[in-house]
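Since the structure comes first, as structure tokens, the remarks are kept for the end.
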Amino acid sequence: MIPEEKQLAVRYSETAIIDGLKNNDSRVCRHLFDQYYPPLIYFTYKLTSDWEESQDIVIQTFNTFWNLRDNFESVVNIKAFMYITCRNKGLDFLKYRQRQIQNKKVYNEFLLQLENNEEIESLFIQTDLIRKIYLEAENLPGKCKEVFFLTYFSGLKASEIAQQLNMSVSTVTSHRSRAIELLRLAFLKKKELPSLILLLGSAGIVKY
Amino acid sequence: MQGEQYTFPDDISNVSDIIIKYLKEQKLTDDESQKLDAWKSKSVSNQKLFEYLGNGDLSFQEELALYAKAENEKQAKGDKIMEGLFPNAIEETSPFSEKGRVISIRTVLKYAAAVILIASAISYWYFGRTHKADIAKTTINPVPAKTDIAPGGNKAVLVLGDNQRIDLTNASNGNLVQQGNTQVVKTADGALKYQAMGTKNDVYFNKVITPRGGQYQLILPDGSKVWMNAESTLLFPTAFAGNERIVELTGEAYFEIAKNKDIPFIVKLKNDMKVQVFGTHFNIMAYEEENEIKTTLLEGAVMVSKSSSQAMLQPGQQAVVGNGTNGGQIKLENADIDEAIAWKNGLFKFNNADLKTVMRQVARWYDVEISYAPNLPEKYFTGKMSRKLNASELLNGLEYLGFHFEIEKMKIIVKP
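Here you go:
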């Protein structure tokens with residue numbers, strides 16, 4: 000259904016991955032890292048609100064995973080291990096930080112809320128969603144994709160994009176609408192284009 | 000460690016696919032609608048997340064931006080991690096080889112004879128990599144730099160017939176010393192060979208002692224091979240004369256005994272216990288501090304005796320005897336071969352082991368003391384890990400069961 004799964008499946012089947020683990024295969028290692036790093040960072044960051052700490056946690060988790068690689072029999076196990084370990088380390092970090100913070104009562108409640116599995120599970124889904132949406136965007140065709148990423152992630156103005164990609168502003172605009180159309184995601188589609196830019200502007204993402 | 004312990008709430012992947020379909024205003028099947036409703040009603044957080052996505056609130060862009068930021072970092076971070084995990088591609092040649100592949104028992108047996116005497120120039124010491132970039136946390140006290148402990152390596156002392164001691168760890172390769180008509184040769188890092196030079200049989204008794212954090216390999220005068228684990232002692236003659244080949248063991252060793260039908264090989268353990276060998280491969284674990292003495296047979300045949308009881312082992316079996324002076328009966332069990340000789344293949348392997356059993360092995364290999372906080376949960380470990388890891392890396396792998404470990408200079412503290 001989602002293009003990415005097919006894409007990855009072509010390169011590494013589950014058997015290939017599990018065998019690669021047992022054979023200490025560096026390509027499989029890199030593949031898994033590339034696959035898991037972004038969503039794990041996103042997940043851990045949403046949990047801890049600390050980007051650097053999230054980086055440390057994810058890298059540590061990956062190292063631990065690789066040390067334990069012989070023990071995994073399926074890709075689901077790998078995914079679960081990664082997320083659960085990041086969650087645990089994230090919660091540990093928050094508890095550690097809690098000791099340093101003045102307003103402990105508020106923090107306590109925040110932590111209690113987080114340890115509630117429902118919140119975490121919801122965060123798993125949110126992470127998975129973002130990951131899939133991002134990957135769909137990655138599958139946009141050529142120029143369309145460039146315009147999309149420059150718009151939504153670099154926050155460039157249409158005129159700046161036009162300059163960078165050496166195209167007219169109207170071309171940029173039509174690429175944008177095509178991207179949105181292709182992604183056909185409700186939250187992008189709802190407004191007309193001019194007001195879209197307006198709203199992006201007010202969200203601080205696009206300056207004009 | 001056991002992969003099966005990790006499960007994911009079943010429908011996570013499905014649910015996110017269904018949500019995307021919904022957002023794209025595609026039609027959902029009945030089954031999908033049902034799953035989506037079930038997920039939504041499962042918790043308040045789910046409900047909220049769904050509303051948030053559906054209302055076109057553009058601050059969702061920020062989420063995508065965060066994800067993209069991580070994506071942009073992954074190349075550099077990936078390169079760095081790969082450097083750490085795969086510094087050189089060196090083909091391993093011996094069971095006690097550098098970090099990298101894990102060799103199965105079948106591979107070891109296949110290559111065993113050829114492998115032993117290959118001089119290996121590869122260092123067995125594992126130098127830990129530094130994980131943490133420096134963290135500048137201005138509002139919060141920084142996490143203190145952690146001490147770490149290197150794993151064990153090839154270390155031993157040789158005690159000659161006249162009680163002279165030779166430190167094998169730092170000795171150079173080549174002829175080491177002569178005992179009567181036997182030349183003692185250090186063949187490689189971590190290996191010692193006893194070579195008869197003539198037929199005259201002056202016999203001396205030598206001892207090889209491995210410290211905590213040590214291991215060593217020996218070739219006895221009859222060609223039998225012995226791998227010694229940490230904190231072990233083997234007493235043996237420099238030449239086998241007479242109608243029996245007798246050695247004495249405390250600690251743990253794996254044996255591959257040269258065939259000789261006429262002259263049986265006997266391993267003596269304390270408390271009047273003996274293992275009599277008929278040309279074969281087996282492991283004996285006889286540590287003072289463990290509850291039991293275990294003899295595990297891989298190939299061939301052995302007879303285990305204690306006082307007047309005896310038992311004959313088949314390959315794949317192990318004999319278990321209680322460790323007291325009154326030890327008791329010899330129990331025969333089916334063995335997990337991989338587990339019994341994991342240490343020889345450079346691994347820790349546990350099967351439903353309790354925390355203390357695991358930590359005793361850790362203590363012997365890392366040469367540390369263990370102290371236990373009160374109220375530790377009762378948990379059991381199943382899985383395997385490399386012996387070449389630094390203590391912190393090994394302990395990271397054990398944390399998932401709900402323990403926390405503090406490493407100090409010569410000590411590890413276990414906390415819930």
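Just so you know, the sequences run in chain order A and G. First residue of the first sequence: 0, per numbering that gives the first Met the number 0; consecutive thereafter. First residue of the second sequence: 0, per numbering that gives the first Met the number 0; consecutive thereafter. Glycine is no exception: its CB is placed at the ideal position from the N, C-alpha and C atoms.
Neighbour flag for residue i against chain A, beta carbons, 8 angstroms
{"i": "Asn-153(G)", "result": "no"}
{"i": "Leu-375(G)", "result": "no"}
{"i": "Lys-76(G)", "result": "yes"}
{"i": "Glu-62(G)", "result": "yes"}
{"i": "Glu-289(G)", "result": "no"}
{"i": "Tyr-110(G)", "result": "Caution applies to Tyr-110(G), whose pLDDT of 38 falls short of 50 and renders its modelled position unreliable; the value that the coordinates give is listed next. Tyr-110(G) does not count as touching chain A."}
{"i": "Thr-137(G)", "result": "For Thr-137(G), the predicted model reports a pLDDT of 29, less than 50, meaning its position is unreliable and no value from the coordinates is stated."}
Any chain G beta carbon closer than 8 angstroms to residue i
{"i": "Ser-121(A)", "result": "yes"}
{"i": "Tyr-11(A)", "result": "no"}
{"i": "Glu-118(A)", "result": "yes"}
{"i": "Leu-90(A)", "result": "no"}
{"i": "Asp-18(A)", "result": "no"}
{"i": "Leu-128(A)", "result": "yes"}
{"i": "Thr-84(A)", "result": "yes"}
Beta-carbon neighbours of residue i, restricted to chain A and to distances below 7 angstroms
{"i": "Val-14(G)", "result": "Ile-124"}
{"i": "Leu-65(G)", "result": "Tyr-41, Tyr-44"}
{"i": "Gly-396(G)", "result": "Thr-63, Asn-66, Leu-67"}
{"i": "Leu-84(G)", "result": "Cys-28, Trp-65"}
{"i": "Ala-69(G)", "result": "Tyr-36, Pro-37, Ile-40, Tyr-41"}
{"i": "Ser-42(G)", "result": "Glu-117, Ser-121"}
Residue i versus residue j: straight-line alpha-carbon distance, rounded
{"i": "Lys-59(A)", "j": "Gln-162(A)", "result": "Note on residue identity: the sequence assigns Gln, not Lys, to residue 59(A). One C-alpha to the other measures close to 41 angstroms."}
{"i": "Gly-401(G)", "j": "Ala-362(G)", "result": "20 angstroms"}
{"i": "Ala-238(G)", "j": "Lys-185(G)", "result": "17 angstroms"}
{"i": "Ala-132(G)", "j": "Thr-126(A)", "result": "Residue placement at Ala-132(G) is poorly supported in this model, since its pLDDT is 27, which falls under 50; the coordinates are not used for a value here."}
{"i": "Lys-20(G)", "j": "Arg-130(A)", "result": "14 angstroms"}
{"i": "Lys-21(A)", "j": "Ala-155(G)", "result": "32 angstroms"}
{"i": "Leu-297(G)", "j": "Pro-314(G)", "result": "5 angstroms"}
{"i": "Thr-168(G)", "j": "Ala-229(G)", "result": "13 angstroms"}
{"i": "Phe-80(A)", "j": "Glu-120(A)", "result": "14 angstroms"}
{"i": "Ser-176(A)", "j": "Lys-23(G)", "result": "15 angstroms"}
{"i": "Tyr-151(A)", "j": "Lys-142(A)", "result": "14 angstroms"}
{"i": "Leu-354(G)", "j": "Lys-94(A)", "result": "25 angstroms"}
{"i": "Ile-292(G)", "j": "Asp-147(G)", "result": "32 angstroms"}
{"i": "Phe-92(A)", "j": "Met-358(G)", "result": "25 angstroms"}
{"i": "Asp-221(G)", "j": "Ile-329(G)", "result": "29 angstroms"}
{"i": "Ile-160(A)", "j": "Lys-144(A)", "result": "12 angstroms"}
{"i": "Leu-63(G)", "j": "Ile-17(A)", "result": "30 angstroms"}
{"i": "Ile-411(G)", "j": "Leu-394(G)", "result": "10 angstroms"}
{"i": "Asn-439(G)", "j": "Lys-414(G)", "result": "With chain G covering only 0 through 415, there is no way to say anything about residue 439(G)."}
{"i": "Glu-72(G)", "j": "Thr-249(G)", "result": "53 angstroms"}
{"i": "Lys-305(G)", "j": "Val-319(G)", "result": "11 angstroms"}
{"i": "Gln-54(A)", "j": "Ala-69(G)", "result": "9 angstroms"}
{"i": "Gln-317(G)", "j": "Asp-366(G)", "result": "28 angstroms"}
{"i": "Phe-347(G)", "j": "His-280(G)", "result": "20 angstroms"}
{"i": "Ile-283(G)", "j": "Ala-341(G)", "result": "13 angstroms"}
Chain A residues whose Cβ lies nearer than 9 angstroms to that of residue i
{"i": "Ala-240(G)", "result": "Going along chain A, no residue has its Cβ under 9 angstroms from Ala-240(G), so there is no contact; the nearest lies around 45 angstroms."}
{"i": "Asn-45(G)", "result": "Glu-117, Glu-120, Ser-121, Ile-124"}
Contacts of residue i in chain A (Cβ-Cβ under 8 angstroms)
{"i": "Glu-50(G)", "result": "Correct list: empty, because the minimum Cβ distance to chain A is about 11 angstroms."}
{"i": "Lys-73(G)", "result": "Phe-32, Asp-33, Tyr-36, Pro-37"}
Partner residues on chain G for residue i, Cβ-Cβ distance less than 8 angstroms
{"i": "Lys-131(A)", "result": "Ser-15, Asp-16, Ile-19"}
Residue-level contact to chain D via CB, residue i, 8 angstroms cutoff
{"i": "Glu-50(G)", "result": "The structure shown contains no chain D; the protein chains it does contain are A and G."}
### Query
At a Cβ cut of 7 angstroms, what residues of the region 26 to 52 of chain A count as close to chain G, listed as they run along the chain?
Cys-28, Arg-29, Phe-32, Asp-33, Tyr-36, Pro-37, Ile-40, Tyr-41, Tyr-44, Glu-51
### Uninterrupted alpha helix (DSSP H) stretches inside the region 10 to 43 of chain A (no shorter than 4 residues)
13 to 21
### Contact list for the region 191 to 214 of chain G against chain A, Cβ threshold 9 angstroms
none
### Query
Got a sec: which bits of the region 379 to 407 of chain G sit with their beta carbon under 7 angstroms from any beta carbon on chain A, in order along the chain?
Gly-382, Lys-383, Met-384, Ser-385, Leu-388, Glu-392, Asn-395, Gly-396, Tyr-399
### Whole beta strand (DSSP E) elements within the region 245 to 288 of chain G, 3-residue minimum
264 to 268, 272 to 285
### Message
Ignoring anything shorter than 4 residues, give me the alpha helix (DSSP H) runs that lie fully in the region 348 to 401 of chain G, in order along the chain.
### Response
354 to 365, 390 to 397
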